[in-house]
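Chains as they are written, first to last, in our numbering: chain P, 36 to 283; chain X, 436 to 698. Ideal placement from N, C-alpha and C gives every residue a C-beta, glycine not left out. All values derive from a computational prediction rather than experimental measurement. Read the structure below first, then the notes.
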Amino acid sequence: MKLWIGRAVVLVVALLAWEVAASMLNPILYVGPSRLPAALGRVLSVRYLPPLGSHLWLTLGEVVAAFLLAVASGLWVGFVLGLQKTLGRIYEPLLAVLYAVPSVIWYPSLMLFFGLGPASKIAFGFLLGFLPVTLSVLAGIRQVPESLVTVAVSMGAGPGAVFRKVMLPAMAGTLAGGLRTGLALSVVGVLVGEVLGARAGLGYVLTYAYGLLMTAEYAALVVIVAAAVLTVDALGALVEARVRRWAD
Amino acid sequence: MTAAEAAPIVVEGVSKRYQTPSGAVTAVEEVSLTVRPGEFVSLLGPSGCGKSTVLLMIGGLVRPDAGRIVIEGEPSSGPNPKKVALAFQDPGLFPWRTALDNVGFGLELQGLPAARRREIALGLLEPMGLKGFEAKYPRELSGGMRQRVAIARALALDTPILLMDEPFGALDEQTRLLMGEWLVGVRRRTRRTIVFVTHSLQEAIALSDRIVVMTARPGRVKDVIEVPLPFPRDLGSPEVADLRAKLWGQVREESLRAMESSA
Chain P
36 MKLWIGRAVV
46 LVVALLAWEV
56 AASMLNPILY
66 VGPSRLPAAL
76 GRVLSVRYLP
86 PLGSHLWLTL
96 GEVVAAFLLA
106 VASGLWVGFV
116 LGLQKTLGRI
126 YEPLLAVLYA
136 VPSVIWYPSL
146 MLFFGLGPAS
156 KIAFGFLLGF
166 LPVTLSVLAG
176 IRQVPESLVT
186 VAVSMGAGPG
196 AVFRKVMLPA
206 MAGTLAGGLR
216 TGLALSVVGV
226 LVGEVLGARA
236 GLGYVLTYAY
246 GLLMTAEYAA
256 LVVIVAAAVL
266 TVDALGALVE
276 ARVRRWAD
Chain X
436 MTAAEAAPIV
446 VEGVSKRYQT
456 PSGAVTAVEE
466 VSLTVRPGEF
476 VSLLGPSGCG
486 KSTVLLMIGG
496 LVRPDAGRIV
506 IEGEPSSGPN
516 PKKVALAFQD
526 PGLFPWRTAL
536 DNVGFGLELQ
546 GLPAARRREI
556 ALGLLEPMGL
566 KGFEAKYPRE
576 LSGGMRQRVA
586 IARALALDTP
596 ILLMDEPFGA
606 LDEQTRLLMG
616 EWLVGVRRRT
626 RRTIVFVTHS
636 LQEAIALSDR
646 IVVMTARPGR
656 VKDVIEVPLP
666 FPRDLGSPEV
676 ADLRAKLWGQ
686 VREESLRAME
696 SSA
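Structure representation (structure tokens):
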């Protein structure tokens with residue numbers, strides 16, 4: 036309870052500070068929170084901007100496609116490299132390099148390969164989401180206690196039963212964490228892709244408003260996108276917490 | 436009496452070498468041992484003497500480099516959950532399974548239906564003082580309870596042979612003594628052949644029909660000592676004191692050798 040009061044105070048103070056700061060600056064460039072509700076109304080009424088609904092669905096579809104691709108290939112690559120130790124050792128430095136390089140530098144080449152449409156956004160969302168999934172599988176496999184595998188083998192479990200009944204449950208928490216991070220990064224990838232160059236999607240609407248110097252609408256859109264992303268992440272957190280409660 | 440009944444476990448001249456970064460190490464050398472039906476045999480020796488390796492070889496989890504293991508008349512070629520069950524120092528309970536589902540794990544692998552697994556697991560947990568704890572997860576149990584669940588999981592396989600690798604090694608002294616008394620009871624009820632690895636003289640004397648003393652690495656059989664005392668044993672009796680003095684003389688010698696060779 037105290038925590039929530041504290042959080043509410045922080046929020047109110049931040050909004051007030053934002054309002055005061057914005058009121059002292061150029062209103063064309065700086066939008067205070069008091070102007071947001073009206074701007075939200077304009078954005079949603081679709082008088083000046085492309086209709087939000089279809090763009091929202093497009094972005095969501097791109098995120099889902101990117102994330103599913105990231106999960107499918109991340110799990111596959113992770114398990115192949117994690118279970119084939121030699122192969123894993125060969126590819127480990129490559130993964131580390133891929134992880135260390137800021138992924139946004141790949142984006143121009145993705146646009147060249149896939150064009151301005153959704154494909155390049157899906158590819159970028161995939162690229163960002165893929166690594167955390169793969170790395171969580173690798174970390175998860177290393178985490179499986181040897182003693183549990185020994186117990187299962189001593190009771191006659193073959194490789195398949197060890198995988199299903201020991202490894203998967205033992206790594207479920209780590210895996211859920213990796214999937215959640217992958218989802219968050221797939222969202223980032225798709226949005227960044229849309230902002231950097233697109234003809235549709237939430238990121239495109241954002242840059243459109245920004246390009247026309249409709250700063251209040253732009254700020255309202257940021258709030259909408261933030262709310263959407265938080266909702267997706269909260270769902271991910273919920274699933275992760277459930278899995279961890281079960282597995283740990 | 437068939438040959439199988441005569442000797443549930445025959446260890447014939449087994450040796451085991453391990454490759455380490457600093458070269459090959461012989462853990463076990465030329466160990467032979469015949470365990471009689473229903474017998475409780477302890478393997479006693481300094482740490483690193485290969486007693487656990489001998490146990491794992493009997494359990495089919497480690498393959499000997501030389502010699503062979505015969506379980507109820509059949510040469511062993513790997514884990515044999517129909518005949519041999521193992522319990523380890525680390526209870527190795529599955530944290531995502533309740534006590535009941537942990538006990539049922541081996542039966543699940545054998546494809547027994549859930550209702551039957553439950554029945555067997557409950558029947559094992561109750562006399563172990565775990566009634567009311569069936570639905571608890573390992574993290575909610577004390578160390579002694581976890582170890583009992585792990586032993587119940589091994590007993591659930593209903594094998595004629597039970598192998599135990601320092602199962603009470605991680606418990607405090609009091610719990611350890613109580614678990615020893617409890618194991619004597621389990622043994623009397625179930626009439627199994629048990630091979631028990633320990634480095635505790637007290638534990639070996641309290642539980643065993645025979646104690647196999649092993650040498651420092653490479654592990655060989657140094658001596659085999661019969662313990663012809665009835666159960667439950669009075670650990671304060673003069674016979675036990677004599678036996679402990681005799682065992683200590685042997686184990687001390689080997690422990691000193693182990694320390695010298697590792698220093």
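Distance between residue j and residue i (C-alpha atoms, nearest Å)
i	j	result
X/G494	P/F198	21 Å
P/G123	P/V115	8 Å
X/E608	X/S635	11 Å
P/V222	P/A174	23 Å
X/V489	X/I444	12 Å
X/E601	X/K571	25 Å
X/A599	X/L618	Sequence inspection shows Met at residue 599 of chain X; the Ala mentioned does not correspond to that position. Using only the alpha carbons, I get a separation of about 11 Å.
X/L547	P/A154	50 Å
P/A56	P/L95	34 Å
X/Q454	X/L496	17 Å
X/V449	X/R503	6 Å
X/P510	X/F540	26 Å
P/V186	X/G527	7 Å
X/K518	X/M563	22 Å
Close beta carbons around residue i, own chain, < 6 Å, minus the five adjacent residues each side
i	result
P/L166	Y134
P/A74	A251, E252 and A255
P/G213	P167, V168 and S171
P/F102	G164, L218 and S221
X/A501	S450
Strand pairing of residue i, partner residues [DSSP]
i	result
P/S221	Looking at the DSSP assignment, P/S221 forms no beta bridge with any residue, so it has no partner.
X/Q454	X/A459
X/K660	Note that residue 660 of chain X is Ile in the sequence shown here, rather than Lys. Answer by DSSP bridge pairing, in chain order: X/I646.
X/R503	X/E447
X/S519	For clarity, residue 519 of chain X is Val in the given sequence; the question names Ser instead. X/I596, per the DSSP bridge assignment.
X/T469	X/V445
X/I629	X/F475 and X/L597
X/E509	X/I506
Residue i vs residue j beta-carbon contact at 8 Å
i	j	result
P/F149	P/A105	no
X/D593	P/S182	no
X/D644	X/V662	yes
X/V659	X/L478	no
X/L520	X/L590	Reading off the sequence shown, one finds Ala at residue 520 of chain X, where the question assumed Leu. Yes, the pair counts as a contact, with Cβ atoms nearer than the cut-off.
X/A587	X/L559	yes
X/G543	X/R552	The question names Gly, but residue 543 of chain X is Glu in the sequence shown. Yes; because the gap between Cβ atoms is below 8 Å, this pair is in contact.
P/M146	P/G246	no
X/G473	X/R626	yes
X/F462	X/G604	Reading off the sequence shown, one finds Ala at residue 462 of chain X, where the question assumed Phe. Not in contact: X/A462 and X/G604 (Cβ atoms no closer than 8 Å).
X/R452	X/A459	yes
Near the ligand FAD: residue i beta-carbon under 7 Å from a heavy atom
i	result
P/G123	Among the components modelled here there is no ligand, and therefore nothing to report on the ligand FAD.
Beta-carbon contacts of residue i that lie in its chain and below 7 Å, excluding the five residues immediately before and after
i	result
P/V240	L84, P85, L87, H90 and L256
P/A235	H90 and L93
X/G483	R652 and A693
P/T206	The question names Thr, but residue 206 of chain P in the sequence shown is Met. G175, I176, Q178 and V179.
X/R574	P530
P/W111	none
P/T242	V230
Contacts around residue i, its chain only, beta-carbon distance under 8 Å, and the 5 residues preceding and following it disregarded
i	result
X/G480	K486, H634, V648, M649, T650, A651, G654, K657, V686 and E689
Problem - Contact list for the region 511-536 of chain X against chain P, Cβ threshold 7 Å - result: P514, P516, L521, F523, D525, G527, F529, P530 and W531
Practice task
May I ask you to list, following chain order, the residues of the region 181-201 of chain P that have a beta carbon less than 8 Å from some beta carbon of chain X?
Solution key: S182, L183, T185, V186, A187, V188, S189, M190, G191, A192, A196, K200 and V201
Problem - Residues in the region 121-139 of chain P having any Cβ partner in chain X nearer than 9 Å - result: none
Practice task
Output, in sequence order along the chain, the residues in the region 532-563 of chain X whose CB is closer than 7 Å to any CB in chain P.
Solution key: F540, G541 and L544
Problem - Interface positions of the region 470-504 of chain X facing chain P (Cβ-Cβ less than 7 Å), listed along the chain - result: G494 and L496
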